[in-house]
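A.B. asks: Take this structure, written in structure tokens, and hold onto it; I'll ask about it next.
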Amino acid sequence: MKTRKYWLLLALLAAVLLVAACATPAAPTAAPSDTEAAPAETSDAGSIAVILTGPWDDNSWNEAGYNAVQALGQKGAKIAYSENVADADVARVLREYTDQGFEMIVAHSFSFQDATFEVAADNPGTNYAWAGGIGRTAKNVADYDQPFYEAAYPIGVLAGYMSKSGVLGALYGFDIPVCHAMGEALLAGAKTVNPDATLIQTAVGDWVDVSKAKEAALAQADAGVDFWIECGEGPALGAIEAAKDRGGYVTGYVGDMSENGPDVVLVNLIWNLEPLFSKMLDDTHNKTFDNPFYRFGIAEGAMLVQYNEALKGKIPAEAVAAVDQAMKDIAAGTLTVEFVPESQ
675 MKTRKYWLLL
685 ALLAAVLLVA
695 ACATPAAPTA
705 APSDTEAAPA
715 ETSDAGSIAV
725 ILTGPWDDNS
735 WNEAGYNAVQ
745 ALGQKGAKIA
755 YSENVADADV
765 ARVLREYTDQ
775 GFEMIVAHSF
785 SFQDATFEVA
795 ADNPGTNYAW
805 AGGIGRTAKN
815 VADYDQPFYE
825 AAYPIGVLAG
835 YMSKSGVLGA
845 LYGFDIPVCH
855 AMGEALLAGA
865 KTVNPDATLI
875 QTAVGDWVDV
885 SKAKEAALAQ
895 ADAGVDFWIE
905 CGEGPALGAI
915 EAAKDRGGYV
925 TGYVGDMSEN
935 GPDVVLVNLI
945 WNLEPLFSKM
955 LDDTHNKTFD
965 NPFYRFGIAE
975 GAMLVQYNEA
985 LKGKIPAEAV
995 AAVDQAMKDI
1005 AAGTLTVEFV
1015 PESQ
């Protein structure tokens, strides 16, 4: 009798664990293999998963992807995400989501490129995307651009008003086109206010090394920089730490980084990925997903400028009005921000 009860208890425990495994956890976990959702029937709104390189709540790149799938989840889509996924693990995670029946799987990193195309080639019935921004696609693989330079221009207008020295800093993980164009657009915007504005550009050589980025930002501060824009989370955090030491203002990188530097993060370049992810899912359902390269900028509501409310009172009203006007003009197509991918 005791043996029978023992096995009954084991069976009951197994059933409970199975149910728990198939439920979406209340809080995210850092394990790359956790997909935050188990196989289930696809809703009418579809299903989409996103794979992140770091923590979902980084106030930056990864949180932009997380926020997008959460927004689609609120609209009825079946959603999932994995955080802190290393390059070596992404193929496995992609296959796990594929096996679970997700229709659209987003590998939200440039470095996930090889794994995405490898898995996609083996699974033609599933659609994938990667954050390349270079136009490399396949029938079931999308690439999506990151036209941050569009929003960098109005932020440059703000810098023209707020920089005391007129010397602006652009800090990049690497001097790739998407990054370089941000600095050039910042300067172009600033020159509409201060024709004598100048720009110092530095490639740190790493996307995540904060201490290395801080050293580069401090060197820029020594050269007079008092307003920064950055490309990469490490450069952004490094610039914030440098500004805390030396003064000046920093731009939050593709997310609200105000809490990382409440006294120095003046403005945030926000990347709203919801319209992009929604389009991917719509194209999947409509059978129009075929080698797509998506470009979502200010006009599509994907690039936003958001102030740190704690510091907004320091910004002159005419500066706020000029930034707003630049955003409206870009959205309307009456102002075209030049894409400058490399030094001229």
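Using our numbering, you'd call the opening residue of the sequence shown number 675 and step up by one each time. The beta-carbon is built from N, C-alpha and C at its ideal position, and this holds for glycine as well.
(1) Output the boundary residues of the beta strand (DSSP E) element that contains residue 901.
(2) Check the DSSP bridge columns for residue 753 and list the partner residues they point to.
(3) Just to confirm, are residue 840 and residue 870 a CB contact at a threshold of 7 Å?
(4) Within 10 angstroms of the Cβ of residue 1015, are there 16 or more other Cβ atoms? Answer buried if so, exposed if not.
(5) Give me the Cβ distance between residue 857 and residue 891, rounded to the nearest whole Å; I'm assuming they're in contact under 8 Å.
(6) By the 10 Å Cβ neighbour count, where 16 or more other Cβ atoms means buried, how is residue 1012 classified, buried or exposed?
(7) List the endpoints of the continuous beta strand (DSSP E) containing residue 736.
(8) Given that a residue counts as buried once 16 or more other Cβ atoms are within 10 Å of its Cβ, and exposed if not, what is residue 792?
(9) Between residue 910 and residue 917, what straight-line distance do the alpha-carbon atoms span, to the nearest angstrom?
(10) How many Å lie between residue 951 and residue 756 at the Cα?
(11) By the 10 Å Cβ neighbour count, where 16 or more other Cβ atoms means buried, how is residue 748 classified, buried or exposed?
(12) Could you check what DSSP says for residue 675 in three-state terms: helix, strand or coil?
(13) Is the stretch 990-998 close to the stretch 820-838, with three or more CB pairs under 8 Å?
(14) Sort 761, 947 and 913 by Cα distance to residue 924 and report the nearest one.
(15) So, helix, strand or coil for residue 941, using DSSP?
(16) Alpha helix (DSSP H) containing residue 989: first to last residue?
(17) Quick check on the DSSP output: what are the complete beta strand (DSSP E) runs of length 3 or more inside the stretch 936-980, in order along the chain?
(18) Which of the three DSSP states is assigned to residue 856 in this structure?
(19) Can you give the Cα-Cα distance for residue 777 and residue 719, rounded to whole angstroms?
(20) Roughly how many angstroms lie between the CA atoms of residue 849 and residue 881, to the nearest whole one?
(21) What three-state label does DSSP hand residue 801 in the structure shown?
(22) Apply the 10 Å Cβ neighbour rule to residue 959 and answer buried if 16 or more other Cβ atoms are within range, or exposed otherwise.
(23) On the DSSP bridge list, what partners appear for residue 874?
(24) Nearest CA to the CA of residue 821: which residue from 989, 1002, 973 and 1003?
(25) Does the beta-carbon of residue 933 have 16 or more other beta-carbons within 10 angstroms, so that it is buried, or is it exposed?
(26) Bridge partners for residue 780 per DSSP, in chain order?
(27) Spatial neighbours of residue 903 within its chain, please: C-beta separation below 7 Å, excluding the five flanking residues on both sides.
(28) Look at the alpha carbon of residue 939 and the alpha carbon of residue 782, and state the distance between them as a whole number of angstroms.
(29) Between the C-alpha atoms of residue 992 and residue 799, what's the straight-line distance to the nearest angstrom?
(30) For residue 947 and residue 927, which I take to be in contact (beta-carbon distance under 8 Å), what is that distance rounded to the nearest angstrom?
(31) When DSSP labels each residue in this structure, what does residue 893 get in the three-state scheme?
(32) Is residue 1013 near the ligand COA, going by C-beta to nearest heavy atom under 6 Å?
(33) Could you tell me which of 883, 966 and 767 sits nearest to residue 847, measuring between CA atoms?
(34) Using three-state DSSP, classify residue 880 as helix, strand or coil.
C.D. replies: The short version:
(1) Here residue 901 refers to the residue found at position 227 of the sequence shown. Here the beta strand (DSSP E) through residue 901 covers 901-905.
(2) Position 79 of the sequence shown, counted from the first residue, corresponds to residue 753. Partner(s): 722.
(3) Stepping through the sequence shown from its first residue, residue 840 is reached at position 166. Stepping through the sequence shown from its first residue, residue 870 is reached at position 196. Cβ atoms of residue 840 and residue 870: closer than 7 Å.
(4) Here residue 1015 is taken as the residue at index 341 of the sequence shown, counted from 1. Exposed: under 16 other Cβ atoms inside 10 Å.
(5) As a working note, residue 857 is residue 183 in the sequence shown. As a working note, residue 891 is residue 217 in the sequence shown. Not quite, the Cβ-Cβ distance comes to about 13 Å (not below 8 Å), so this is no contact.
(6) Counting from 1 along the sequence shown, the entry for residue 1012 is found at position 338. Within a 10 Å sphere around the beta-carbon of residue 1012 sit fewer than 16 other beta-carbons, which makes this residue exposed.
(7) For the purposes of this step, residue 736 is identified with residue 62 of the sequence shown, where counting begins at 1. No beta strand (DSSP E) holds residue 736; the alpha helix (DSSP H) holding it covers 735-748.
(8) Residue 792 sits at position 118 when you count from the first residue of the sequence shown. By the 10 Å Cβ count, residue 792 comes out exposed.
(9) Working through the sequence shown from its first residue, we reach residue 910 at position 236. Working through the sequence shown from its first residue, we reach residue 917 at position 243. Near 11 Å, if we compare the C-alpha coordinates of residue 917 and residue 910.
(10) As a position in the sequence shown, residue 951 is number 277, starting the count at 1. As a position in the sequence shown, residue 756 is number 82, starting the count at 1. If you take the alpha carbons of residue 951 and residue 756, they lie about 16 Å apart.
(11) On the sequence shown, residue 748 is found 74 positions in, with the first residue counted as 1. Around the C-beta of residue 748, fewer than 16 other C-beta atoms lie within 10 Å, and the residue is accordingly described as exposed.
(12) As a first step, residue 675 must be located in the sequence shown, where it is residue number 1. Confidence at residue 675 is low in this model, with a pLDDT of 38, below 50, so the placement of that residue is unreliable and no value is reported for it.
(13) yes
(14) Reading the sequence shown from its first residue, position 250 is the one you call residue 924. Among 761, 947 and 913, the Cα nearest to that of residue 924 is on 913.
(15) For the purposes of this step, residue 941 is taken as the residue at position 267 of the sequence shown. Strand, per DSSP.
(16) Translated into the one-based positions of the sequence shown, residue 989 becomes position 315. From DSSP, residue 989 is part of no alpha helix (DSSP H); its letter is neither H nor E.
(17) 939-945
(18) Here residue 856 is taken as the residue at index 182 of the sequence shown, counted from 1. In the structure shown, residue 856 sits in a helix (DSSP, three-state: H, G or I).
(19) Within the sequence shown, residue 777 is the residue found at index 103, counting from 1. Within the sequence shown, residue 719 is the residue found at index 45, counting from 1. Computed Cα separation, rounded: 11 Å.
(20) Taking the sequence shown and counting its residues from 1, one reaches residue 849 at position 175. Taking the sequence shown and counting its residues from 1, one reaches residue 881 at position 207. Taking the straight line from one Cα to the other gives about 11 Å.
(21) Here residue 801 corresponds to residue number 127 of the sequence shown, with the count starting at 1. The answer is strand: DSSP assigns residue 801 an E or B state.
(22) Within the sequence shown, residue 959 is the residue found at index 285, counting from 1. Per the 10 Å Cβ criterion, exposed.
(23) Counting from 1 along the sequence shown, the entry for residue 874 is found at position 200. Answer is 843.
(24) For the purposes of this step, residue 821 is identified with residue 147 of the sequence shown, where counting begins at 1. Selected option, being the one with the closest Cα: 973.
(25) What you label residue 933 is simply residue 259 of the sequence shown in a count that begins at 1. With fewer than 16 Cβ atoms within 10 Å of its Cβ, residue 933 is classed as exposed.
(26) As a working note, residue 780 is residue 106 in the sequence shown. Paired residue(s): 724 and 803.
(27) Locating residue 903 in the sequence shown gives position 229, where the first residue counts as 1. For residue 903, where only same-chain residues beyond five positions count, the Cβ hits under 7 Å are 826, 829, 844, 856, 857, 860 and 925.
(28) Locating residue 939 in the sequence shown gives position 265, counting from the first residue. Locating residue 782 in the sequence shown gives position 108, counting from the first residue. Computed Cα separation, rounded: 25 Å.
(29) On the sequence shown, position 318 is the one that residue 992 refers to. On the sequence shown, position 125 is the one that residue 799 refers to. About 53 Å.
(30) In the sequence shown, the residue the question calls residue 947 occupies position 273. In the sequence shown, the residue the question calls residue 927 occupies position 253. Not confirmed; about 14 Å, so no contact.
(31) Within the sequence shown, numbered from 1, the residue matching residue 893 stands at position 219. Helix at residue 893.
(32) Absence of the ligand COA is noted for the structure shown, with no ligands found whatsoever.
(33) Here residue 847 corresponds to residue number 173 of the sequence shown, with the count starting at 1. Out of 883, 966 and 767, 883 has the C-alpha closest to the C-alpha of residue 847.
(34) Locating residue 880 in the sequence shown gives position 206, counting from the first residue. Correct three-state label for residue 880: coil.
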